[in-house]
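Its first residue numbered 1093, the sequence shown is counted upward by one per residue in the working numbering. Take a look at the structure below.
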Amino acid sequence: MTTSPSSPHISSELEKDADSGITAGDKSAFRDVLSKDHARRGKAPLHLVDMTDEERKERAKELGMPAFRVKQLAQHYFAHFDTNVSEFSDFPSSLAQTAKDAFFPDLITPVLEQEADKGETIKTLWKLFDDSRIESVLMKYPQRVTLCISSQVGCGMDCPFCATGRLGLTRNMSAGEILEQVRIAALQCESGLLPGGQTRLSNIVFMGMGEALGNYKAMMKAIRQISALPPEGFGISARNITLSTVGVVPGIRKLITEHIPVRLAVSLHAPSDELRDELVPMNRRFNTTQVLDAAHDYYLSSKRRVSIEYALMRGINDQAEHAQLLAKRLNHYGDDWVHVNPIPLNPIEGSRWTASKPEDEAQFIDILRKAGISATLRDTRGSDIDGACGQLAAKELAQDLVRRS
């Protein structure tokens, strides 16, 4: 039986830890897997987008600027994707450098860029203030331009087939670090970097490095500013924002209370607890029934179909019996509430996890569709450029370790 979306599900532990959608404590069967660099975590320099309006005005006052200057800065940032204060024609040159240092510190710097799909896919490796590495991917489609962004440095979910999971969790990213990925991509679109000339960034997916619900506070601050209109945000509709999670149930239930119509994507990858315990260790804390109940409640609350992400792995989770059980589990709820995205696995070098055979992919989708479930094989972008999330960062960090040794 599913639970009512209006029922209180947020534990007292979660309420005490507003930064995270994962409840605190050490009594569960799963805890974040931390990287060896985790202890060095620190806070990124404070950015305009990290501050409330009052905090921005107070900071301006401290610097001897009138309050209206803050709105000017925000307008340039969100409407024109610009942080070069010295070039703002409506801003006094005498205050330009002071304003730049106070409100627009450099948070992310490109280290490496790879292109695929005739330039329609651009993957960027970024260096953060503490020398950490993250990735984002800009993808042009016929009807939209999508940016896949990271929300954490590394990931603590420890899924064995995922390159990011191998890195462990170093730290959460700030809202500023998250939003800078969006601003720069929006500027690239406006500048005509993608084939076909000038275009507009239209879709955001939190499917890059990290578990977004594990960085709940910064993620929500970023989502609100992505979806608000300038000068409060970038004006990208919340309906064009997708949030991916491995199934952090308290975070999903907390998201229900936000009443923001983002699309929820659940990385399920297995139809049974026995198999999912191996593929998604978080399942030992929140099992498939809890995850699917929470996801269905999100559908009931938001009226938006939930995406079920399912990475197909040869001989492991891609056989007819897996598809049949998945269909049974999803149809249990009795309404057209999901769209399944089987994803051909982008293998990690040296990993035993590999992509399914094309005939098994086709059979898997056919079984789901015959069961009345909407399903589409995910278009895999960037398979020739370390396309799986975390591959580029993992490779660069490994090379960096060699250089240091």
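All C-beta atoms, glycine included, are put in the ideal place defined by N, C-alpha and C. Bear in mind the structure is a predicted one, so any value in this text is a computation, not a measurement.
Notebook entry, point to check: Does DSSP put I1400 in a helix, a strand or coil?
Noted result: strand
Next item on the list: Can you grab the Cα-Cα spacing for the pair S1242 / S1329, in whole Å?
Entry: So the alpha carbons of these two residues sit roughly 19 Å apart.
Checklist line | Contained beta strand (DSSP E) runs [length at least 3] in the segment 1247-1291, N- to C-terminal order | finding: Counting whole runs of 3 or more residues, the segment 1247-1291 contains the beta strand (DSSP E) stretches 1261-1264.
Margin query: Cutting at 6 Å between CB atoms, please list the residues of its own chain near L1279, excluding the five before and the five after it.
Written below: F1173
Check: Taking just the CA atoms, how far does L1469 sit from I1457?
Finding: Within the model, the alpha-carbon separation for I1457 versus L1469 is close to 7 Å.
Next item on the list: Report back the beta-carbon spacing between G1260 and Y1308 to the nearest angstrom; my notes put them in contact at under 8 Å.
Entry: With a Cβ gap of about 19 Å, G1260 and Y1308 do not count as contacting.
Next item on the list: Pull up the distance between the alpha-carbon of S1112 and that of F1196, whole angstroms please.
Entry: Straight across, the Cα-Cα distance linking S1112 with F1196 is about 26 Å.
Notebook entry, point to check: Roughly how many angstroms separate the alpha carbons of Y1391 and A1412, rounded to a whole number?
Noted result: 27 Å
Next item on the list: Leaving out five residues on either side along the sequence, give the residues of the same chain with a beta carbon under 6 Å from the beta carbon of A1055.
Entry: The chain is shown from 1093 up to 1497; residue 1055 falls before or after that span and cannot be answered.
Note to self: Classify T1238: buried if its beta carbon has 16 or more other beta carbons within 10 angstroms, exposed otherwise.
What the structure shows: With 16 or more Cβ atoms within 10 Å of its Cβ, T1238 is classed as buried.
Check: beta strand (DSSP E) containing M1231: first to last residue?
Finding: Looking at the DSSP string, the run of the beta strand (DSSP E) that includes M1231 is 1225-1232.
Check: For K1449, which three-state DSSP category applies?
Finding: coil
Margin query: As a quick exercise: from K1420, D1471, P1439, pick the residue whose alpha carbon is nearest that of R1461.
Written below: K1420
Check: Shortest alpha-carbon distance to P1287 belongs to which of S1364, E1227, E1207, Q1244?
Finding: E1207
Item checked: Distance CB(H1130)-CB(R1263) smaller than 8 Å -> Going by C-beta atoms, H1130 is nearer than 8 Å to R1263.
Margin query: Can you tell me whether G1325 sits near the ligand NAP, meaning its C-beta is under 7 Å from at least one heavy atom of the ligand?
Written below: Although the ligand NAP was asked about, the structure shown includes no ligands whatsoever.
Notebook entry, point to check: Looking only at DSSP bridge pairs, what is S1359 linked to?
Noted result: E1401
Item checked: For S1266, the nearest candidate out of G1134, H1414, L1165 (CA to CA) -> When only C-alpha atoms are compared, the closest one is G1134.
Item checked: From F1326, M1312, S1364, residue whose alpha carbon lies closest to that of I1318 -> Looking at the Cα atoms, F1326 is the closest of the given residues.
Check: For E1205, which three-state DSSP category applies?
Finding: E1205 falls in the strand class under three-state DSSP.
Notebook entry, point to check: When burial is assigned at 16 or more other CB atoms within 10 Å of the CB, is K1232 buried or exposed?
Noted result: buried
Checklist line | Close beta carbons around D1452, own chain, < 8 Å, minus the five adjacent residues each side | finding: L1404, R1406, D1410, Q1411
Notebook entry, point to check: Would DSSP call A1116 helix, strand or coil?
Noted result: For A1116, the predicted model reports a pLDDT of 47, less than 50, meaning its position is unreliable; a value from the coordinates is still stated below. Three-state DSSP puts A1116 in coil, outside helix and strand.
Item checked: V1341, DSSP secondary structure in three states -> The answer is helix: DSSP assigns V1341 an H, G or I state.
Check: For the candidate residues E1179, H1168, E1227, whose alpha-carbon lies nearest to that of T1201?
Finding: E1227
Next item on the list: Could you say if the segment 1286-1302 and the segment 1241-1255 meet the contact criterion of at least three C-beta pairs nearer than 8 Å?
Entry: Yes: the two stretches touch, three or more of their Cβ pairs being nearer than 8 Å.
Next item on the list: Report the three-state DSSP secondary structure of P1373 (helix, strand or coil).
Entry: helix
Item checked: Nearest candidate by alpha-carbon position, reference D1402, set V1432, R1376, T1381 -> Note that residue 1402 is Tyr in the sequence shown, not Asp. Closest by alpha carbon: V1432.
Note to self: Quick check on D1111: does DSSP put it in helix, strand or coil?
What the structure shows: coil
Next item on the list: Closer than 6 Å by C-beta to A1362: which residues in its own chain qualify, once you throw out the five before and the five after it? Chain order, please.
Entry: R1368, L1371, N1409
Check: With 16 as the cutoff for other CB atoms within 10 Å, does G1289 come out buried or exposed?
Finding: exposed
Note to self: If you follow the alpha helix (DSSP H) that H1168 is in, where does it begin and where does it stop?
What the structure shows: 1160-1172
Checklist line | For D1145, the nearest candidate out of R1397, K1313, K1219, K1215 (CA to CA) | finding: With distances taken between CA atoms, D1145 lies nearest to K1313 out of R1397, K1313, K1219, K1215.
Notebook entry, point to check: Which residues does DSSP pair with L1220 in a beta bridge?
Noted result: I1200
Notebook entry, point to check: Could you give the residue range of the alpha helix (DSSP H) that holds L1417?
Noted result: 1412-1423
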